[in-house]
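Every number in this note's numbering is 25 more than the matching position in the sequence shown, counting from 1. Following: one structure in structure tokens, then a few remarks.
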Amino acid sequence: MTTMIKVCELTKSFGTIVAVDHVDIEVDKNEIFGLVGPDGAGKTTLLRMICGLIEPDRGKVVLFGEEILRNSNRSRLGYMPQRFSLYGDLTVMENINFFGSLYGLKKTTIRQRAEEILSITNMLEFEDRLAANLSGGMKQKLALTCALITGPEILILDEPTYGVDPESRKEFWKILYRLNKEGVTLMVSTPYMDEAELCHRVAIINQGRVVAVDTPVHLKQSLPHRLLEVRADSRDPRVFAGLSHMDSCSFYGDRYHIAVQDPDAAIREIKDFLEERRIRVYSIREVDPSMEDVFVALTATDNGVGL
Ligand SMILES: Nc1ncnc2c1ncn2[C@@H]1O[C@H](COP(=O)(O)OP(=O)(O)OP(=O)(O)O)[C@@H](O)[C@H]1O
Ligand SMILES: [Mg+2]
Numbered sequence: 026m027t028t029m030i031k032v033c034e035l036t037k038s039f040g041t042i043v044a045v046d047h048v049d050i051e052v053d054k055n056e057i058f059g060l061v062g063p064d065g066a067g068k069t070t071l072l073r074m075i076c077g078l079i080e081p082d083r084g085k086v087v088l089f090g091e092e093i094l095r096n097s098n099r100s101r102l103g104y105m106p107q108r109f110s111l112y113g114d115l116t117v118m119e120n121i122n123f124f125g126s127l128y129g130l131k132k133t134t135i136r137q138r139a140e141e142i143l144s145i146t147n148m149l150e151f152e153d154r155l156a157a158n159l160s161g162g163m164k165q166k167l168a169l170t171c172a173l174i175t176g177p178e179i180l181i182l183d184e185p186t187y188g189v190d191p192e193s194r195k196e197f198w199k200i201l202y203r204l205n206k207e208g209v210t211l212m213v214s215t216p217y218m219d220e221a222e223l224c225h226r227v228a229i230i231n232q233g234r235v236v237a238v239d240t241p242v243h244l245k246q247s248l249p250h251r252l253l254e255v256r257a258d259s260r261d262p263r264v265f266a267g268l269s270h271m272d273s274c275s276f277y278g279d280r281y282h283i284a285v286q287d288p289d290a291a292i293r294e295i296k297d298f299l300e301e302r303r304i305r306v307y308s309i310r311e312v313d314p315s316m317e318d319v320f321v322a323l324t325a326t327d328n329g330v331g332l
């Protein structure tokens, strides 16, 4: 197995903030590798160091088995930044031409490559539309097209579907899968746990440190507790504070997930607890953990809900 991205001891501080703290990650050829973590966890800083856009304080990045050097290998790596700036007063095709020309690509190469990607992303018919007039999902697809214009073997995407509607997010991931099938190695950060499920492996990063790396299935299996889903007539995230059979509790708007060691004892306690407070219970059942539960368990802070 070829290691496409190898990150060793990578560290970066901004003043007193350690944004990335001794991170080790290896991404294999043809992997879809996910990066999830709370706001400010260091995802963007890590991805930018991998792309060679910022200098680490210590540690190193090795791409394609060779150490990354400024400007070398650049066209073999595509990067879709978190805040991608498209030129709103240029059309889709003009934006693509602009990015292609930055890499010194020939007009005919750009045209051929653009047609290929625009057809994969269902954007061909919009090539003359001004970027400013594209929908959110279409703007992200144009950004992706620009990141792919050099035909990179590694594609780094920083929250590429942030704020995009669920249907467009699904479509975007279909495109990522297709690219992956065609041999592109992907490293993608996402705030969405349903997208984390779609990655082959996921690194969970918190306060600059990688706290877990594994497949979604293994991450879920490794949770050290069982989970109860409770639906009740309450919208108070802290309603269960004081429950004794509880490791932690998270509130998802219409339901609570309560981490417990002994589900039977906890169910009894929860029923009594809610009855005493005259809160109606709709359902209590044990559920399989989701990536959301893994995320909460591994990134919980002292002020986390119900902890
Ligand atoms: N150029 C900079 N100067 C100073 N501090 C910075 C700089 N870039 C990032 N930071 C800080 O480093 C930490 C990590 O930021 P980073 O943008 O990498 O996090 P992130 O995981 O991408 O967050 P988000 O999910 O909000 O995009 C944060 O505390 C941030 O404020
Ligand atoms: Mg970021």
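The beta carbon of each residue, even a glycine, is placed where N, CA and C say it ideally should be.
Contacting residues, own chain, Cβ-Cβ under 7 Å from residue i (five flanking each side not counted)
| i | result |
| --- | --- |
| F109 | A168 |
| Q165 | P185, T186, V189, F197 |
| D287 | H270 |
| D114 | L155, A157 |
| T134 | none |
| N122 | I135 |
| S308 | R256 |
| L111 | N120, A156, K164, L167, A168 |
Sequence-distant residues of its chain with Cβ nearer than 8 Å to residue i (five each side left out)
| i | result |
| --- | --- |
| E140 | L149 |
| M26 | D53, K54 |
| L248 | A284, P314, D318, V319, A322 |
| I304 | A257, D258, S259, V264 |
| E294 | L268, S269, H270 |
| P177 | S100, R101, L102, G103, V209 |
| Y277 | E317 |
| P63 | N231, T324 |
Per-residue DSSP class, three states only, for residue i
| i | result |
| --- | --- |
| D327 | Caution is warranted here: a pLDDT of 42 is assigned to D327, below 50, making its placement in the model unreliable, and the coordinate value is therefore given only provisionally. In this structure, D327 counts as coil in the three-state DSSP scheme. |
| D318 | helix |
| Y187 | coil |
| K85 | strand |
| H282 | strand |
| K31 | strand |
| V117 | helix |
| A172 | helix |
| Y277 | coil |
| Y202 | helix |
| H47 | strand |
| E254 | strand |
| R136 | helix |
| L244 | helix |
| S193 | helix |
| L130 | coil |
| T210 | strand |
| N55 | coil |
| A156 | helix |
| D313 | coil |
| L332 | Bear in mind that the predicted position of L332 carries a pLDDT of just 37, short of 50, making it unreliable; the figure below should be weighed with that in mind. Looking at L332 - three-state DSSP - the assignment turns out to be coil, as it is neither helix nor strand. |
| R234 | strand |
Rounded Cβ spacing between residue i and residue j (contact assumed at less than 8 Å)
| i | j | result |
| --- | --- | --- |
| L244 | V321 | Not confirmed; about 12 Å, so no contact. |
| G162 | V189 | 5 Å |
| F124 | R226 | Between R226 and F124 the Cβ distance is about 29 Å, and since that is not below 8 Å, they are no contact. |
| N120 | A172 | Contact doesn't hold; Cβ gap of about 12 Å is too wide. |
| H47 | E34 | 5 Å |
| T116 | D82 | Contact flag wrong, Cβ pair sits at about 41 Å. |
| L88 | M212 | No, L88 and M212 are not in contact; Cβ-Cβ is about 11 Å, not under 8 Å. |
| G65 | V45 | 11 Å between Cβ atoms; not a contact. |
| I181 | L102 | 7 Å |
| A221 | M316 | 5 Å |
| I75 | V86 | 5 Å |
| T333 | I200 | The chain is shown only over 26 to 332; residue 333 falls outside these bounds and no answer can be derived. |
Cut-off 6 Å between Cβ atoms - residues of its own chain near residue i, not counting five sequence neighbours on either side
| i | result |
| --- | --- |
| D183 | T69, L72, P106, Q107, S214 |
| Y202 | none |
| V312 | L252, E254 |
| K206 | none |
| F151 | V117 |
| V8 | Residue 8 is absent from the structure shown; the chain starts at 26 and stops at 332. |
| I179 | M29, L102, T210 |
| D272 | H250, A284 |
Residue i: CB within 8 Å of a non-hydrogen atom of ligand 1
| i | result |
| --- | --- |
| G62 | yes |
| P216 | yes |
| A44 | yes |
| I174 | no |
| A66 | yes |
| Y35 | Inspection of the sequence shows that residue 35 is occupied by Leu rather than by Tyr. For ligand 1, not one heavy atom lies less than 8 Å from the Cβ of L35. |
| A230 | The sequence shown places Ile at residue 230, rather than the Ala named in the question. Yes, since a heavy atom of ligand 1 falls inside the 8 Å radius drawn around the Cβ of I230. |
| G103 | no |
| L71 | yes |
| F58 | no |
| G233 | yes |
| G40 | yes |
Handout entry: Any heavy atom of ligand 2 within less than 7 Å of residue CB: hits in chain order
Key = K68, T69, Q107, D183, E184, S214
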